[in-house]
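In the UniProt record's numbering, the protein residues as written are 1 to 556.
Cβ coordinates follow ideal geometry from the N, Cα and C atoms, glycine included.
Every value quoted in this text rests on a predicted model; they were computed, and no experiment measured them.
Notes to accompany the following structure.
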């Protein structure tokens, strides 16, 4: 079935007339199909109904009833009113039956004696079963009232016939003579359509159409009893409904009371939670302030400690150097004193062998012995001081080495391209410089070949048996230098050039200076900007500055 192409949104009641004409025009233009076959008609707006096929009269009743139902939406009512207009004005005229000769049946005396009930009423029998399947019977009654609106009914009541389980409707008209005329017109309408009392009494009457007749005392008696029973049952239902309403009211009052109690408890809990949250927030703020104060104090102390460590290390280093100089001077004095003692001992022995001829010689010997004892005591004091200075020097060196190890560990973690200080492994081959020198000598190298070459020379540098050094005297002191006639170094220079030779010689000199016995690289604090060894105090000051900068950036 084709649905309307209009928008699906609803319309207002004031637009029903306009939308009705629009729907009728669409039906006339053939945009929606109503007729299916010779006598089958379908509603184009109710495709999901159980009953699809209607005859013309039933479809007209369907369209008129839905168009008059106020519980329907304005759009649904407008479309069905347009369908009803199309069926009445256009389709019904084209299907109008030709006039037929009807036999006249005169009224019997019995019929003439029938009495009409007052208030005036009509009866409609053989109601459609699907009409009664609706959840709200009031809608079906409104629909019937709309169907027969031309006869101006005041009330429609649907009843169930107990004998054949069918449904009928009692239609009440006005109490005035106009109501009698409407009731008569109602019955004459059904008689003219051959759906009157006589037609209903026929055995072969159609069971899918409505039949109507005016109510007489005999006809209404049965339905009056049903109405009375229905009203009685309705009263019982109203009483039960009132009881249920009272129960519901009590339940709603109880529910309101419970909800109110629950809301009060919730408010108390929320108030307690707010107080608790406020207390926790205040405590957190207090702890945060206290933590901030303590952190500032710790930072201040840490800066002081780091500076103090730097000063102490520098002072201890200076003191160790001074002690070393003093120790060297004492050692020189000791050697001189030992020499004097030996000379005195020699003189004493000579004088002992000369005999006791001269008293003056004995006096000189006694003086020399006393001087020798004084020199021995002085030598012992120098030895004791020397041992004390050696112990202090070793202790200072140990502390200095521990500080250097910690600084090396920190610098390894924070090393970067912009670092002023870093760690250099003394005695390690500079692979970058070595590979660059190799590429200057020979442009094309295989990466694996270069890696093997670096590994080979690192291995050679670490070998204890290879010692390409000789000792020379410079300014009265011995100094080790690299031998120019070493075979390995000469072969390296000839094969890879001077720069590669210089890189290997530099690593050899560093290894010989820092770890000649172990022959493995050792870490050393290094000034990367000036390419020299860095002092402990320099690195300590640099670390303090870096720590301050990091602290400031984290606080921002």
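Taking 8 Å as the cut-off, the Cβ atoms of residue 333 and residue 382 count as close. One Cα belongs to residue 67, the other to residue 81, and the distance between them is close to 5 Å. Between the alpha carbons of residue 498 and residue 505 lies a gap of roughly 10 Å.
Between residue 142 and residue 69, the beta carbon gap of about 6 Å places them in contact (Cβ cut-off 8 Å).
With the rule of 3 Cβ pairs closer than 8 Å, the stretch 462 to 470 counts as touching the stretch 482 to 494. Secondary-structure assignment with DSSP links residue 212 through a beta bridge to 124. Your pair residue 528 and residue 421 checks out as a contact, with CB atoms roughly 6 Å apart and the cut at 8 Å. Sequence-distant partners of residue 91 (beyond 5 residues in either direction) whose C-beta falls short of 6 Å from its own C-beta are missing from its chain.
In the structure shown, residue 55 falls within a coil segment according to DSSP collapsed to helix, strand and coil. Note that the C-beta distance between residue 407 and residue 525 is below 8 Å.
Of all alpha-carbon atoms in 55, 477, 433 and 79, the one lying nearest the alpha-carbon of residue 46 is that of 79. By the Cβ-count criterion, residue 390 is exposed, with fewer than 16 other Cβ atoms from all chains shown falling within 10 Å of its own Cβ.
Within 10 angstroms of the beta-carbon of residue 288 lie fewer than 16 other beta-carbons, which makes it exposed. In the three-state scheme derived from DSSP, where H, G and I count as helix and E and B as strand, residue 73 is classed as coil.
Straight-line measurement puts the Cα of residue 300 at about 58 Å from the Cα of residue 340. In this structure, DSSP gives residue 527 an extended state, which the three-state scheme calls strand.
DSSP places residue 481 within a strand segment (E or B) once states are collapsed to three. A residue is called buried once 16 or more other Cβ atoms fall within 10 Å of its Cβ, and residue 62 is buried on that count. Contact between residue 458 and residue 429 holds, since their C-beta atoms are separated by about 5 Å, short of 8 Å.
One thing to note: residue 503 has its Cβ no nearer than 8 Å to the Cβ of residue 451.
A distance below 7 Å between beta-carbons, with the five flanking residues on each side excluded, links residue 65 to the following residues of its chain, in chain order: 143, 146 and 147.
Here residue 323 is not near residue 405, since their CB atoms are 8 Å or more apart. Each residue's CA atom was taken as its position, placing residue 72 and residue 270 some 47 Å apart. Pairing residue 379 with residue 342 gives a Cβ-Cβ distance that is not under 8 Å.
Rounded to the nearest angstrom, the gap between the Cα atoms of residue 20 and residue 76 is 10 Å. Put simply, of 285, 412, 319 and 28 the residue whose alpha carbon is nearest the alpha carbon of residue 86 is 28.
Across the structure, residue 371 and residue 347 are spaced so that their CA atoms are roughly 12 Å apart. Between residue 496 and residue 441, the gap from beta carbon to beta carbon is short of 8 Å. Measuring C-alpha to C-alpha distances from residue 423 to each of 31, 533, 290 and 434 identifies 533 as the nearest. Every alpha helix (DSSP H) stretch that sits fully inside the stretch 408 to 496 and reaches 4 residues is listed by chain position as 431 to 441, 447 to 461 and 487 to 496. DSSP, read as helix, strand or coil, puts residue 35 in strand. Note that the C-beta distance between residue 173 and residue 152 is below 8 Å.
The closest CA to that of residue 326, considering only 388, 149, 304 and 368, is found on 388.
Residue 125 and residue 31 have their C-alpha atoms spaced approximately 36 Å apart. According to the DSSP assignment, residue 169 belongs to the beta strand (DSSP E) that extends over 167 to 172. Note on the stretch 222 to 309: there is no whole beta strand (DSSP E) run with a minimum of 3 residues.
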